[in-house]
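Residue numbers (the UniProt record's numbering): 1 to 681. Glycine is no exception: its CB is placed at the ideal position from the N, C-alpha and C atoms. All of these numbers come straight from a predicted model, not from anything done at the bench. The next block holds one structure in the form of structure tokens; read it before the comments.
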């Protein structure tokens, strides 16, 4: 740990002494209920404090005005009843030695008018934003005065709520940035035109907030280092803004982001997945830190996912606090584990983006592979040993099987895991073969290493039959055999291949390739990118009204950028109905789902993706021999309570299915099945 000493040095900001340089930046995970802070939200933040973090900035995009719509599940900071909620949250964080701030935000045109109070959205100019699709009302003088007053009132509630500081959002294309940006502000009055005028609104807010909160309270802003937007703020503009605001004496820190969030490609930049390299926007933070010359502290978070990169960010003089927000979602105890020299036990963030993709859709943020995060009330981050040791046999070494093995072994059980392939990983091995998604292999690498650390009896290249399982004398059998590709239901399906065939290299791709997508996940997008990179001409058809309906915004922005780069054709509202051979090629017949008109497309290869079907032969063979006949108490599973169903008194073991062996879903669902089943085992 000595190599990372710089990460554990305290930082002084006004009257706050923050115990280390680990920062969770402002985000809204959607754990509120009608604008109110819930116990789930408090537990989520408290876990990070317990895990050793220095500063956690909760309440991302906390609403300040009546017209704010809580589109992302924000805290309602515009009413006094939030004050005791803030106090409860702050107390839970302070109890474990961490500090906290709240981010206050007016979304401007980044709101919906048809949620909450059904009021217009407001912006400096009546320009529609593609993500939210609203036509904002142009702010008049009284709207500006009202909004400033709302910020002051909300900031006062934060201070009265015992929170250590407040951050004013000037980023992600929210209202203050809308005034700053020439791409969003077309005004001709004192708040438009030259940059000095466009900066005025944000300065007016900060001056009023500082006046109310006093000189002893921590106030900061979050802003872009470069909007990366045609006609928007350049890096030079952002340096001028940072210098002006830092020199005003009104703020104590600047949290720097890269880009904005006014369209899907922009979302993929500002909250990037593994599509964007590690620490890609760190130079933007350093440029601002150099510009402000120590007047304020600089924070930054974007794809800083390991201690070595975090150390570099500090030692290179780029930042004063290093944000590792999604790292602490993947493992809230990151800081404590690092300090204790347990780096290999830190569950890694690999940049899947499942957390932020859910959050920006207005649903609760969840880690793709740490299912305990935000479920601490039922699934503890630290596994507790069981009172009685059992023999647990797991069939299948994909993520669900490995998580079941990891938790069972941590519980103290004797664990045997059968895997038919030559390595662990399941479908993630295929996903990692697809262009920019290679880092997803970090999940399986970590789980595989946990198998070694915990002495799980892993038997590779073993296609387990019922007899192999029975020979182990198990108390519990978990079937994690995954699914098999379902190509779809169309005439001539035997002439098509699966995405697995292509990504594994079993089927070569060339010429014209048609993909029939009835799945809507990243599997088709990744396969199309993979094939296009090899020179194939791709045509995707889907009966859905939009491509990639299950893909969140940050990943969709990345996929679409890559697909259009390769001139991939995408056709919605269209279903593949037949494939037939002709000469050396194929004819694919597609049908419009509305008009039912059909047409033929000559192709060289057809790929079908309609999810998976359970690979459950061994489950079927074992079911009559089990004590529960495979039955699961769904309520108990939902609550992560012990399974107690016994319907066959002569059965020898309990039998369960998890992941795609049960139903075609996703990585998180598979991991959740495993965790909820094995934590109470």
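Rounding to the nearest angstrom, what Cα-Cα distance links residue i and residue j in this structure?
{"i": "residue 690", "j": "residue 246", "result": "There is no way to answer for residue 690, as the model of the chain reaches only from 1 to 681."}
{"i": "residue 557", "j": "residue 442", "result": "22 Å"}
{"i": "residue 662", "j": "residue 300", "result": "41 Å"}
{"i": "residue 430", "j": "residue 531", "result": "14 Å"}
{"i": "residue 86", "j": "residue 647", "result": "49 Å"}
{"i": "residue 560", "j": "residue 264", "result": "9 Å"}
{"i": "residue 5", "j": "residue 376", "result": "29 Å"}
{"i": "residue 189", "j": "residue 125", "result": "11 Å"}
{"i": "residue 77", "j": "residue 92", "result": "19 Å"}
{"i": "residue 347", "j": "residue 242", "result": "35 Å"}
{"i": "residue 465", "j": "residue 618", "result": "6 Å"}
{"i": "residue 27", "j": "residue 59", "result": "6 Å"}
{"i": "residue 29", "j": "residue 42", "result": "11 Å"}
{"i": "residue 333", "j": "residue 345", "result": "10 Å"}
{"i": "residue 173", "j": "residue 231", "result": "14 Å"}
{"i": "residue 665", "j": "residue 659", "result": "7 Å"}
{"i": "residue 185", "j": "residue 213", "result": "29 Å"}
{"i": "residue 94", "j": "residue 653", "result": "46 Å"}
{"i": "residue 452", "j": "residue 280", "result": "33 Å"}
{"i": "residue 225", "j": "residue 198", "result": "16 Å"}
{"i": "residue 327", "j": "residue 355", "result": "11 Å"}
{"i": "residue 544", "j": "residue 574", "result": "8 Å"}
{"i": "residue 84", "j": "residue 39", "result": "13 Å"}
Taking residue i as the reference, which of the options has the closest Cα?
{"i": "residue 360", "options": "21, 681, 61", "result": "61"}
{"i": "residue 534", "options": "548, 568, 624", "result": "568"}
{"i": "residue 597", "options": "576, 612, 583, 378", "result": "576"}
{"i": "residue 384", "options": "407, 377, 375", "result": "407"}
{"i": "residue 609", "options": "462, 498, 337", "result": "498"}
{"i": "residue 494", "options": "588, 208, 180, 187", "result": "588"}
{"i": "residue 220", "options": "248, 615, 19, 547", "result": "248"}
{"i": "residue 104", "options": "202, 112, 132", "result": "202"}
{"i": "residue 329", "options": "303, 339, 81, 313", "result": "303"}
{"i": "residue 237", "options": "211, 282, 250, 287", "result": "287"}
{"i": "residue 621", "options": "657, 605, 611", "result": "657"}
{"i": "residue 149", "options": "205, 195, 192", "result": "205"}
{"i": "residue 615", "options": "395, 66, 313", "result": "395"}
{"i": "residue 36", "options": "25, 82, 186", "result": "82"}
{"i": "residue 115", "options": "68, 129, 145, 99", "result": "68"}
{"i": "residue 552", "options": "433, 652, 352", "result": "352"}
{"i": "residue 550", "options": "70, 477, 192, 520", "result": "520"}
{"i": "residue 251", "options": "400, 167, 326", "result": "167"}
{"i": "residue 138", "options": "147, 122, 144", "result": "122"}
{"i": "residue 677", "options": "128, 310, 477, 72", "result": "477"}
{"i": "residue 455", "options": "468, 486, 414, 469", "result": "414"}
{"i": "residue 366", "options": "3, 31, 262", "result": "31"}
Given a threshold of 16 other Cβ atoms within 10 Å of its Cβ, counted over all protein chains shown, does residue i qualify as buried or as exposed?
{"i": "residue 307", "result": "buried"}
{"i": "residue 523", "result": "buried"}
{"i": "residue 57", "result": "buried"}
{"i": "residue 135", "result": "exposed"}
{"i": "residue 489", "result": "exposed"}
{"i": "residue 526", "result": "buried"}
{"i": "residue 594", "result": "exposed"}
{"i": "residue 169", "result": "buried"}
{"i": "residue 694", "result": "Since the first residue of the chain shown is 1 and the last is 681, residue 694 is not available in this structure."}
{"i": "residue 628", "result": "buried"}
{"i": "residue 473", "result": "exposed"}
{"i": "residue 388", "result": "exposed"}
{"i": "residue 634", "result": "exposed"}
{"i": "residue 142", "result": "exposed"}
{"i": "residue 180", "result": "buried"}
{"i": "residue 293", "result": "exposed"}
{"i": "residue 109", "result": "buried"}
{"i": "residue 129", "result": "buried"}
What residues match up with residue i in a beta bridge as DSSP calls it?
{"i": "residue 222", "result": "169, 255"}
{"i": "residue 585", "result": "582"}
{"i": "residue 108", "result": "Residue 108 pairs with nothing; no bridge assigned."}
{"i": "residue 569", "result": "539"}
{"i": "residue 122", "result": "137"}
{"i": "residue 392", "result": "415, 476"}
Problem set entry | Sequence ranges, beta strand (DSSP E) only - wholly within the region 3-84, length at least 3 | 11-13, 16-18, 22-24, 55-63
Exercise. For the region 590-629, which segments carrying the alpha helix (DSSP H) assignment without a break, of at least 4 residues, lie completely within its bounds, in sequence order?
Worked result: If you keep only unbroken alpha helix (DSSP H) runs of at least 4 residues inside the region 590-629, you get 617-622.
Problem set entry | Contained beta strand (DSSP E) runs [length at least 3] in the region 248-279, N- to C-terminal order | Whole beta strand (DSSP E) segments, 3+ residues: 253-257.
For this session: Could you pull out every unbroken beta strand (DSSP E) segment of at least 3 residues lying fully inside the region 138-188, listed in chain order?
Result: 165-169
For this session: Starting from the N-terminal side, write out each stretch of the alpha helix (DSSP H) that is 4 residues or longer and does not extend beyond the region 461-517.
Result: With a minimum length of 4 residues, the continuous alpha helix (DSSP H) runs that stay inside the region 461-517 are 466-470, 499-503.
Exercise. What runs of the alpha helix (DSSP H), each 4 residues or longer, lie entirely inside the region 412-458?
Worked result: Counting only runs of 4 or more residues that sit fully inside the region 412-458, the alpha helix (DSSP H) segments are 427-431, 441-453, in chain order.
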